[in-house]
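The numbers in the sequence shown follow the numbering used here, run straight up by one, and end at 931. Built from N, CA and C at the ideal position, the CB exists for glycine as well.
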Amino acid sequence: MDKANFGVMGLGVMGHMLALNMERNGFRVAGVDLDVGKLRHFDADSPRKNLIACESLDVFISALDRPRRILMMVPAGKAVDTAIASLKSYLAPGDLLIDGGNTYFLDTERRSQELEAAGIIYIGTGISGGEQGALWGPAIMPGGQPEAWALVKPIFEAIAAKAYGEPCVAYMGPRGAGHYVKMVHNGIEYGDMQLIAEAYDILHRGLGLSNLQLYEIFNEWNRGELESYLIEITAAIFAKIDPETGEAVVDLILDEAQQKGTGKWMSQNAFDLGAPIPTVNAAVESRIVSAYKEERLAASQVLTGPEAKISVDPKSVVAAVREALYAAKICSYSQGFALMNLASKEYGYNLNYSEIAKIWRGGCIIRARFLNDIRDAFARNPNLANLMVDPEFARAMNARQASLRQVVSLAAGSGIPALAFGSALAYYDAYRSKRLPANLTQAQRDYFGAHTYRRIDREGIFHTEWQ
465 MDKANFGVMG
475 LGVMGHMLAL
485 NMERNGFRVA
495 GVDLDVGKLR
505 HFDADSPRKN
515 LIACESLDVF
525 ISALDRPRRI
535 LMMVPAGKAV
545 DTAIASLKSY
555 LAPGDLLIDG
565 GNTYFLDTER
575 RSQELEAAGI
585 IYIGTGISGG
595 EQGALWGPAI
605 MPGGQPEAWA
615 LVKPIFEAIA
625 AKAYGEPCVA
635 YMGPRGAGHY
645 VKMVHNGIEY
655 GDMQLIAEAY
665 DILHRGLGLS
675 NLQLYEIFNE
685 WNRGELESYL
695 IEITAAIFAK
705 IDPETGEAVV
715 DLILDEAQQK
725 GTGKWMSQNA
735 FDLGAPIPTV
745 NAAVESRIVS
755 AYKEERLAAS
765 QVLTGPEAKI
775 SVDPKSVVAA
785 VREALYAAKI
795 CSYSQGFALM
805 NLASKEYGYN
815 LNYSEIAKIW
825 RGGCIIRARF
835 LNDIRDAFAR
845 NPNLANLMVD
855 PEFARAMNAR
865 QASLRQVVSL
875 AAGSGIPALA
885 FGSALAYYDA
895 YRSKRLPANL
905 TQAQRDYFGA
915 HTYRRIDREG
925 IFHTEWQ
């Protein structure tokens, strides 16, 4: 029997779909899983396809061509360490292990260094696109040794999504770079989703628009500058009717948003690096607040606010929300790319931001027309400090900042929470301010703790005896 070009350990939804994607693109794939049910499901495809279902690690390892290329699709955390430990004794120097899960990048840093010392090549690979993306073409973000990328480049380029004829995969950088970029992708995804949810809340609760009207609005938005996968599926969600009740499914879903932690990781890392990402933070906080359902119900009985009703011409509000959504999206992505810029310097990743925007154009959850403009901005200036100061994006922000202010004002006046829109506006205003009130903050710090300060009229470090 011919050896397999690639091995997949972990045959859940993503692992199974990626194996089928590889097989469809001409590669022979071996698969193994401790779960007998998942292995049988994979085995059911084997007679019709170029797949090998392996009942043990011994069989799995012997089925692979050398150097062995093994993709681990197991839950992040201890499961990855367990999988590595189970495989390590079978591997020889030059073999390649790939972690394709949503792993915290510092865990990938540690594993990469430990395995490299044993002669085993390691890649931390971010994979975005969900089940259908895994099957038909995800966005892939590999990070590891350059020789590791050479071992998987033909396979990853074959199975990746294609945008404008180009594969949505590229080498991100050493060690944990791939998982870092995927973490930022997911944090930006949080921001996008929260901004869309707040736009929905303003139009639905504030203006009283029906789901059918919202479907038409989001469908129209998806034909313009907001064209994206998330806007597309949002329109489809508004049109879905529950066959049992005849009501819109979206109206039947409990308002408790869950999360897997990647957005929180991005917020935590941003604080560590000193990077402001308030829109992603607001999205994470909004999900956390939504989980306090019982407390919110109780609070609604004792805390007052204005009626959630916007008494402004609906057409003008819809137009303003559209403009505000685009402006806030620019702010959110600016924060994400600025964070990657700091991380690249801190961790020695040497990230290529134009390349990152390019591979996010297809396959992944945040794929959007907008990413072409981001790619072009960093192609014009690879050292761009912040996306908002690129000439094209600066023009876009200047033209839309009034709409963003209007939407934040309408939401506040109607008692509709808009944490993400509000944070985007505050970030924009803070970033463009020549002077911020941090002078008073620093004076306070010097007053109570003698923390010193710098002056605007002379060089040096100063302290005042305030009392």
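query: Unbroken beta strand (DSSP E) run spanning Ala-494, endpoints; result: 493-496
query: Proximity of Glu-787 and Ser-878 at Cβ, strictly below 9 Å; result: no
query: Best match in Glu-630, Phe-620, Ser-818 for proximity to Glu-487 [C-alpha to C-alpha]; result: Phe-620
query: Sequence ranges, beta strand (DSSP E) only - wholly within the region 534-608, length at least 3; result: 560-563, 585-592, 603-608
query: Local conformation of Tyr-811 per DSSP, three classes; result: helix
query: At least three beta-carbon pairs within less than 8 Å, the region 492-499 to the region 513-527; result: yes
query: CA-to-CA distance, Ala-843 to Arg-922, given in whole angstroms; result: 39 Å
query: Nearest-angstrom Cβ-Cβ length linking Ala-792 and Phe-682, presumed shorter than 8 Å; result: No, Ala-792 and Phe-682 are not in contact; Cβ-Cβ is about 16 Å, not under 8 Å.
query: Residue span of the alpha helix (DSSP H) that contains Gly-886, given as start and end; result: 883-896
query: Segment limits, beta strand (DSSP E) that includes Leu-515; result: 515-518
query: Status (buried if at least 16 other CB within 10 Å, exposed otherwise) for Trp-930; result: exposed
query: CB of Val-648 within 9 Å of CB of Pro-606, strictly; result: no
query: Cβ-Cβ separation, Leu-659 to Arg-533 (assumed contact under 8 Å), whole Å; result: Contact doesn't hold; Cβ gap of about 39 Å is too wide.
query: Selection from Arg-751, Gly-827, Phe-735 that minimises the alpha carbon distance to Gly-800; result: Phe-735
query: Cut-off 7 Å between Cβ atoms - residues of its own chain near Thr-928, not counting five sequence neighbours on either side; result: Asp-910
query: Cβ shell of Lys-626 (< 8 Å), same chain only, five flanking positions each side left out; result: Gly-601, Cys-632, Gly-826
query: As assigned by DSSP and simplified to three states, the class of Glu-711; result: coil
query: Secondary structure, alpha helix (DSSP H): runs of 4+ residues fully inside the region 596-672; result: 610-623, 641-665
query: Phe-470, enclosing beta strand (DSSP E) - first and last residue; result: 470-473
query: Simplified DSSP assignment, three categories, for Leu-900; result: coil
query: Classification of Ser-692 by the beta-carbon crowding that lies within 10 angstroms, buried from 16 upward; result: buried
query: Proximity below 9 Å, CB of Val-785 to CB of Ala-663; result: yes
query: Ile-705 - DSSP class collapsed to helix/strand/coil; result: strand
query: Selected residue, minimal CA-CA separation from Leu-789, among Asn-686, Asn-836, Arg-760, Asn-675; result: Asn-686
query: Validate contact between the region 714-733 and the region 750-768 using beta carbons, cut 8 Å, 3 pairs; result: yes
query: Sub-9 Å separation of Leu-676 and Ala-703 beta-carbons; result: yes
query: Segment limits, alpha helix (DSSP H) that includes Gly-501; result: 500-509
query: Validate contact between the region 580-589 and the region 544-564 using beta carbons, cut 8 Å, 3 pairs; result: yes
query: Beta carbon of Phe-506 nearer than 9 Å to that of Leu-515; result: yes
query: DSSP beta-bridge partners of Leu-528; result: Ala-468
query: Inter-residue Cα distance where the pair is Asn-836 and Asn-650; result: 19 Å
query: Residue range of the alpha helix (DSSP H) that includes Arg-825; result: Where Arg-825 is concerned, there is no enclosing alpha helix (DSSP H), given that its DSSP letter is neither H nor E.
query: Inter-stretch contact at 8 Å, needing at least 3 Cβ pairs: the region 807-825 / the region 853-868; result: no
query: Beta-carbon proximity check, Ile-591 vs Lys-552, cutoff 9 Å; result: no
query: Neighbour-count burial assignment, Asp-563, 16 or more Cβ in a 10 Å radius; result: buried
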